[in-house]
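Below is one structure; the comments refer to it alone.
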Amino acid sequence: MKFPKFVLEKRSQSPAWLRVALPFGAILLSFLFAAVIILFAKKNPLYAFYNIFYGALGTRLGLMETIVKATPLMLTGIAVTLAFTGKFWNIGAEGQLYAGALAATWIGIQNLSLPVPVYILLEILIGFAAGAIWGIIPGILKAKYKVDDVVTTLLMNTIMIYLVGAILEGPWRDPATSWPQSIMIARNAEFPKLLVRSRVHFGLILGIVVIFLVYILLKNTKLGFMIRTTGANKEAAYYLGINVTKTIILTAFISGGIAALAGVGEIAGLHYHLTENISPGYGYTGIIIAMLAGLSPIAVIFSSLFFGIIITGAEYMSRVTGITSFIANVVQGIILLVMLAMLLLQEYRIRRVE
Amino acid sequence: MKEIFSIGFLVGFFSATLRMATPLIIATLGETFSERSGILNLGIEGTMLFGSLSAFLVAYKTNSLWLGVIAAVISGILLSIIMAYMTVTLGVSQHVSGLGVTLFASGLSLFVYRQVIGSPSIPPTIQTFSTIPIIGLSKIPFIGQVLFNQYFLTYLAIILVPVCGFILFKTNFGLSLRSVGENPESADALGINVYKTRYIALIIAGGLMGLAGSFFTLAYFNMFLYGIVGGRGWVSIALVIFANWTPSRVLLGALLFGGVDAFQLRLQAIGFRIPYQFLLMMPYLLTIIVLVLVARRASYPASLLKPYRRE
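First to last, the sequence lines map onto chains A and B. First residue of the first sequence? That's 7 in my numbering, and the numbers climb one at a time after it. First residue of the second sequence? That's 106 in my numbering, and the numbers climb one at a time after it.
As structure tokens, this is what we get:
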């Protein structure tokens, strides 16, 4: 009896069906792993999964919440997609989100007498600028001083959270409550709601528009070519005459700005005031969304909706089954690892040798 | 400001420096093993958190702190095997694998804690390790109080520095480990099993990271908190660069950062009049500043981040 032997063989090109099938395969396999963990907690995984999907999609309320959760995820997801395409390892979307939220709150509580569209545009511009500045620091440190971007973006997340805490417990504290939270932003600074009896707001349109803008930027512009080439091969980019330093800094700038828009949306569209926990890790989930989307901008829309389902559904499932909603965090980590492993199939095929 | 210069304050400050440095020393030594073999292990933050959780739960359930320590080491090793499978066997992105391990391990820590403990209004606590005064030496004025009245894990951390230095630079295994991190092709040609060596390096690293995590729940605090590691894993990643991948400088770097941490705690304690968040920020800001100063001169292991595939 001879055992068959398998080898990995480099592919020249991956078929299109495979690129579509991979994320679904990764999700299925991840649920299998999650099932094992749920079994360890002595609960029924199938009942848990059913309730995740029922809670997120089975009722109008659930469906609306799924879209509400997917809204900031689209923005952090596309911000990371852009950064990773240029091999700028932006793990700082979480901090940049809070930078945007800070800026939007600041302009929102000024009570300016502006028409709604102008006020919203102002929030978006100032929010983008705040995140872009917070994002460009690690970009400059990487491009000019060779400081590892992963470490700086992560450390800057921690610094930003402390900064928000200091401001909320100090100058911005709402005197009406004992919680560290700001006062409400002006009514004319609020994003309009898109659907009646729901919390779905204008941030959703903003997210989809930004995703299409990034798609066009990467595909059809000179800057997009510079980002893609720098990401694919830095040396080649250099010999093609691309200013790699400038490209990295611009990538960091735009990516930080986009991630900040997620924070603007959460303030102006959902909470109307700033607290220390407006984001349960949307910045980090953005990384997983970008990977699950295979760094394809349009796929980020679907990938964000999927994680909207997981986050919303896990809360519902938790109430029904008594399994904690932290299972959503576990599933997110597993999906990232499984997807990363399965992406190998895009590069290699498994072939049997005699 | 007078309090700062009293002897009592200084004893408190220096012994707190050693305490705050303990998990940093152990975890950074672990990361040094990993990176010397060519693998950047960003799973460190999650591995430390999961280590602190396992240590706490096992100590809480069995009433044995030592079983807690062992549990932390084992859980660190288990997570490092996932990391090794991704980055050594499959050879996929070390950045993303490490983040994946951190996200998975953090999620799992929260999940397991909530599933086992629930959410009582008063979180459960354990009786932590007490400090062990070393007979005779702890009586030396000042120095004795600072150096020889510490936790077991602190003594262990300091002993581990020369031990790790010896393993890395004076043994055949250390030579193999460094050579697969510098030039895996020629190491392979010399008959060194690159995959096996990297697996062992990651397992040592994972065990140390888990051990570092146990310090938080078994000595420093007496309970498990979600933010208990609070980015110290990322500080360790920076410390490895600062230390130029050498254990003796790991000690120096960890003491420096432990010192800043201890200093800001003292300032908080005496009611220094700036928001405490700005004090908490100090170690992280300092980390970034130090990285800017040393990054250009850092001599990374030549094959760090490069997967090895035998043809």
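The beta-carbon is built from N, C-alpha and C at its ideal position, and this holds for glycine as well.
Cβ-Cβ distance between residue i and residue j below 8 Å
| i | j | result |
| --- | --- | --- |
| V220 of chain A | P303 of chain A | yes |
| G311 of chain B | L115 of chain B | no |
| E136 of chain B | L409 of chain B | no |
| V250 of chain A | A243 of chain A | yes |
| I315 of chain A | L103 of chain A | no |
| A164 of chain B | L323 of chain B | yes |
| Q352 of chain A | L28 of chain A | yes |
| R357 of chain A | V26 of chain A | no |
| A266 of chain A | G137 of chain A | yes |
| A305 of chain A | A320 of chain A | no |
| L346 of chain A | S211 of chain B | no |
| T327 of chain A | Y60 of chain A | no |
| M328 of chain B | P412 of chain B | no |
| V397 of chain B | Y151 of chain A | yes |
| V42 of chain A | L213 of chain B | no |
| G156 of chain B | A374 of chain B | no |
| A172 of chain A | Q382 of chain B | yes |
| A76 of chain A | S310 of chain A | yes |
| G289 of chain A | G106 of chain A | no |
Contact set between residue i and chain B, taken where Cβ atoms lie within less than 8 Å
| i | result |
| --- | --- |
| L346 of chain A | M191, V197, S198, V201, S202 and G205 |
| I97 of chain A | L204 |
| T158 of chain A | I393 and L396 |
| E175 of chain A | P380 and Q382 |
| L343 of chain A | I187, M191, S202, G205, V206 and F209 |
| L351 of chain A | Here the premise fails: no neighbours, minimum Cβ distance about 11 Å. |
Residue-level contact to chain A via CB, residue i, 8 Å cutoff
| i | result |
| --- | --- |
| Y389 of chain B | yes |
| A292 of chain B | no |
| M386 of chain B | yes |
| P380 of chain B | yes |
| T167 of chain B | no |
| T392 of chain B | yes |
| F155 of chain B | no |
| W339 of chain B | yes |
| F119 of chain B | no |
| G315 of chain B | no |
| R141 of chain B | no |
| Q216 of chain B | A small fix is needed here, since residue 216 of chain B is Phe in this sequence, not Gln. Chain A contact via Cβ: present. |
| G336 of chain B | yes |
Beta-carbon neighbours of residue i, restricted to chain A and to distances below 7 Å
| i | result |
| --- | --- |
| Q220 of chain B | A47 and T330 |
| V397 of chain B | L147, Y151 and V153 |
Outcome for residue i when other beta-carbon atoms lying within 10 angstroms are tallied against a minimum of 16
| i | result |
| --- | --- |
| R203 of chain A | exposed |
| E100 of chain A | buried |
| E150 of chain B | buried |
| I132 of chain A | buried |
| S261 of chain A | buried |
| F221 of chain B | Checking the sequence, you will find Val at residue 221 of chain B rather than Phe. Classification of V221 of chain B: exposed, given that the 10 Å Cβ count is below 16. |
| S142 of chain B | buried |
| P352 of chain B | buried |
| V178 of chain B | buried |
Under 8 Å by beta carbon: chain A residues contacting residue i
| i | result |
| --- | --- |
| L357 of chain B | Per Cβ cutoff of 8 Å: no residues; L357 of chain B is ~19 Å from chain A at best. |
| S211 of chain B | N335 and G339 |
| F458 of chain B | Outside the displayed range of chain B (106 to 416) lies residue 458 of chain B, so it cannot be described from this structure. |
| L147 of chain B | V156 |
| R401 of chain B | Y151 and K152 |
Where residue i meets chain B, residues with beta-carbon distance less than 7 Å
| i | result |
| --- | --- |
| E241 of chain A | Within chain B, no residue comes near E241 of chain A; the closest Cβ sits about 15 Å away, beyond 7 Å. |
| A172 of chain A | P380, Q382 and F383 |
| I293 of chain A | L204 |
| Y290 of chain A | L208 |
8 Å contact criterion, which residue i and residue j should meet: CB distance rounded
| i | j | result |
| --- | --- | --- |
| A292 of chain B | V299 of chain B | 6 Å |
| E15 of chain A | R355 of chain A | 5 Å |
| L390 of chain B | F362 of chain B | That pair is no contact at about 11 Å. |
| L158 of chain B | V217 of chain B | 6 Å |
CB contact below 8 Å: residue i versus chain B
| i | result |
| --- | --- |
| I317 of chain A | no |
| I165 of chain A | yes |
| M297 of chain A | yes |
| L28 of chain A | no |
| I233 of chain A | no |
| L246 of chain A | no |
| Y168 of chain A | yes |
Partner residues on chain A for residue i, Cβ-Cβ distance less than 9 Å
| i | result |
| --- | --- |
| I342 of chain B | D154, V156, V157 and L160 |
Within chain B, the residues that residue i reaches when beta carbons sit closer than 9 Å
| i | result |
| --- | --- |
| L280 of chain A | Going along chain B, no residue has its Cβ under 9 Å from L280 of chain A, so there is no contact; the nearest lies around 15 Å. |
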